[in-house]
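Colleague:
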Amino acid sequence: MSKKTRKNILIGVCGGIAAYKTCFFIRLLLKKKYSVKVIMTEAATKFVTPLTFSALTQNKVHLDMFEEVKDEPVKHICLAQWASLCLIAPCSANTLSKIALGICDNLLTTVVCALPKETKVYLAPAMNDCMWSNPLIQDNINKLEKIKKYKIINPLKGELACGSYGQGRMAEPEEIFKKITSGF
Ligand SMILES: Cc1cc2nc3c(=O)[nH]c(=O)nc-3n(C[C@H](O)[C@H](O)[C@H](O)COP(=O)(O)O)c2cc1C
Numbered sequence: 001m002s003k004k005t006r007k008n009i010l011i012g013v014c015g016g017i018a019a020y021k022t023c024f025f026i027r028l029l030l031k032k033k034y035s036v037k038v039i040m041t042e043a044a045t046k047f048v049t050p051l052t053f054s055a056l057t058q059n060k061v062h063l064d065m066f067e068e069v070k071d072e073p074v075k076h077i078c079l080a081q082w083a084s085l086c087l088i089a090p091c092s093a094n095t096l097s098k099i100a101l102g103i104c105d106n107l108l109t110t111v112v113c114a115l116p117k118e119t120k121v122y123l124a125p126a127m128n129d130c131m132w133s134n135p136l137i138q139d140n141i142n143k144l145e146k147i148k149k150y151k152i153i154n155p156l157k158g159e160l161a162c163g164s165y166g167q168g169r170m171a172e173p174e175e176i177f178k179k180i181t182s183g184f
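In this text, residue positions in the sequence shown follow this note's numbering: the first is 1, and each later residue adds one.
Following this line, the structure appears as structure tokens:
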């Protein structure tokens, strides 16, 4: 396991069209010499291939909690301890809700749950406007916002990939970059 520094950014990618924006965001981090590791949910791999993220980061993309890796017997703990900050972008309604409930049913949700108390988790949700305004999703957001460790980067109003207009577009990569680097 590499030595933990303040430059280790762990990025979780969920299943949504905005996953392509995360490629631009990662390039901003790499230009500033941050080390980046990526965890993708299974749904995320339907939108952007793991190959894109591994080529960008020059690191293996993590997908499977139960894959056996030499020198990393308990992968979710190694990743949680490596990270100096975790960002989930795009964060789906599904993953946001699972994190708020402490559910650990895949590598990403398990790593987030296993992060040390001082490691901040930024969530950049992206979803259809009806999903965003659904009271259950809003309840889960409120629940996370009450815990200092979790920071929500609100989605923007505008045209959405599904064709409707409203709040739900993931924040732009430059804005996410400013938010997470100023919060260090
Ligand atoms: C074309 C398409 C676009 C989607 N976009 C989103 C999205 O932007 N936000 C979202 O929360 N779910 C979106 N979904 C649904 C998620 O992919 C689905 O809820 C999935 O279970 C999320 O899994 P994950 O949280 O493990 O990534 C989309 C599904 C499809 C087929």
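We put the beta carbon where it would ideally sit given N, CA and C, even for glycine.
So, at 6 Å on beta carbons, what are the nonlocal neighbours of threonine 95 in its own chain, with the 5 sequence-adjacent residues on each side left out?
Modeller: Cys14
Colleague: I'd like to confirm something about alanine 43: is its beta-carbon nearer than 7 Å to some heavy atom of ligand 1, or not?
Modeller: yes
Colleague: Within 10 angstroms of the Cβ of threonine 41, are there 16 or more other Cβ atoms? Answer buried if so, exposed if not.
Modeller: buried
Colleague: For aspartate 64, tell me which candidate among Gly102, Gly166, Gly12, Tyr122 has the shortest Cα-Cα distance.
Modeller: Gly12
Colleague: Less than 7 Å separating the Cβ of cysteine 220 from some heavy atom of ligand 1?
Modeller: Lying outside 1 to 184, the shown extent of the chain, residue 220 is not represented and no answer is given.
Colleague: Is threonine 95 a contact residue of ligand 1, with contact defined as CB to any heavy atom under 7 Å?
Modeller: yes
Colleague: Could you tell me if serine 182 is buried or exposed, where buried requires 16 or more neighbouring beta carbons within 10 angstroms of its beta carbon?
Modeller: Exposure of serine 182 is indicated by the presence of fewer than 16 other C-beta atoms within 10 angstroms of its C-beta.
Colleague: Taking the C-alpha atoms as reference points, what is the distance between isoleucine 141 and isoleucine 152?
Modeller: 8 Å
Colleague: By the three-class DSSP mapping on this structure, what secondary structure does serine 35 have?
Modeller: strand
Colleague: Is any heavy atom in ligand 1 found nearer than 7 Å to the beta carbon of alanine 126?
Modeller: For ligand 1, at least one heavy atom lies less than 7 Å from the Cβ of alanine 126.
Colleague: Is proline 90 near ligand 2, with its Cβ less than 7 Å from a heavy atom?
Modeller: Judged by which ligands are present, ligand 2 is missing from the structure shown, whose ligands are ligand 1.
Colleague: Report yes or no: do the segment 41–52 and the segment 115–128 share at least 3 C-beta pairs separated by less than 8 Å?
Modeller: no
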